[in-house]
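In the numbering used here, the protein residues as written are 690 to 836.
A short worksheet on the structure shown next.
Rendered as structure tokens:
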């Protein structure tokens, strides 16, 4: 599959990046879901949240990304990665300029449907009521958002 291509044939967006589904959970009996984030903008990203049933792995392909996983904050560059274990609050944002990364969810759970639905309603994507429908818990606003 080509860079930036989506297995479903169309891209998705939460308003702060372009998302391509790279590995469809149907290919792995629901065990794995991988997305490509392109043009992740600084001072944006998801609300601070946790997943009840998924590990989430972040791999930086280009640019720099600040991540908070639990109480730990790290800033990663191309080629670096970090794991956010299930039930641990986390969030991320590009630093300085747009970033490009891969994110893997294992198992997939409701994450593919979350991104489909959130693309239809990006204004709701980072809200508690919306996130809580998809096996996630909204913890609060991201510490990386501009106030």
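A virtual CB, placed ideally from N, CA and C, is assigned to each residue, including glycine.
Enumerate in chain order the residues of its own chain whose CB-to-CB distance from residue 785 is below 7 Å, with the five nearest sequence positions on each side excluded. Numbered from its first residue, the chain shown carries residue 785 at position 96. Closer than 7 Å at the Cβ level, and outside the excluded window around residue 785, lie 731, 753.
contact_flag[the segment 717-729, the segment 809-822] where n(CB pairs < 8 Å) is 3 or more: Under the three-pair Cβ rule at 8 Å, the segment 717-729 does not count as touching the segment 809-822.
Under three-state DSSP, which class holds residue 753? The residue you call residue 753 lines up with position 64 of the chain shown. Residue 753 falls in the strand class under three-state DSSP.
Residue 689 to residue 756 span [Cα, whole Å]: Look at the range of the chain in this structure, 690 to 836, and you will see that residue 689 is not part of it.
State yes or no: is the C-beta of residue 788 within less than 8 Å of the C-beta of residue 749? Against the chain shown, residue 788 aligns to sequence position 99. Against the chain shown, residue 749 aligns to sequence position 60. Taking the C-beta atoms as reference points, residue 749 is found nearer than 8 Å to residue 788.
Would you kindly check if the distance between the Cβ of residue 834 and the Cβ of residue 792 is under 8 Å? In the chain shown, the residue the question calls residue 792 occupies position 103. In the chain shown, the residue the question calls residue 834 occupies position 145. Cβ distance not < 8 Å, so residue 792 and residue 834 don't count as in contact.
Starting from residue 770 and walking both ways along the beta strand (DSSP E), at which residues does that stretch end? Residue numbering aside, residue 770 sits at position 81 when the chain shown is read from its first letter. For residue 770, the enclosing beta strand (DSSP E) has its first and last residue at 770-773.
Return helix, strand or coil for residue 808, following the three-state DSSP convention. Residue numbering aside, residue 808 sits at position 119 when the chain shown is read from its first letter. Three-state result, residue 808: helix.
Taking DSSP as the reference, what is the three-state secondary structure of residue 780? As a first step, residue 780 is located in the chain shown; it is residue number 91 there, counting from the start. Three-state result, residue 780: strand.
Tell me the DSSP bridge mates of residue 829? Reading the chain shown from its first residue, position 140 is the one you call residue 829. According to DSSP, which records beta bridges pairwise, residue 829 is partnered with 737.
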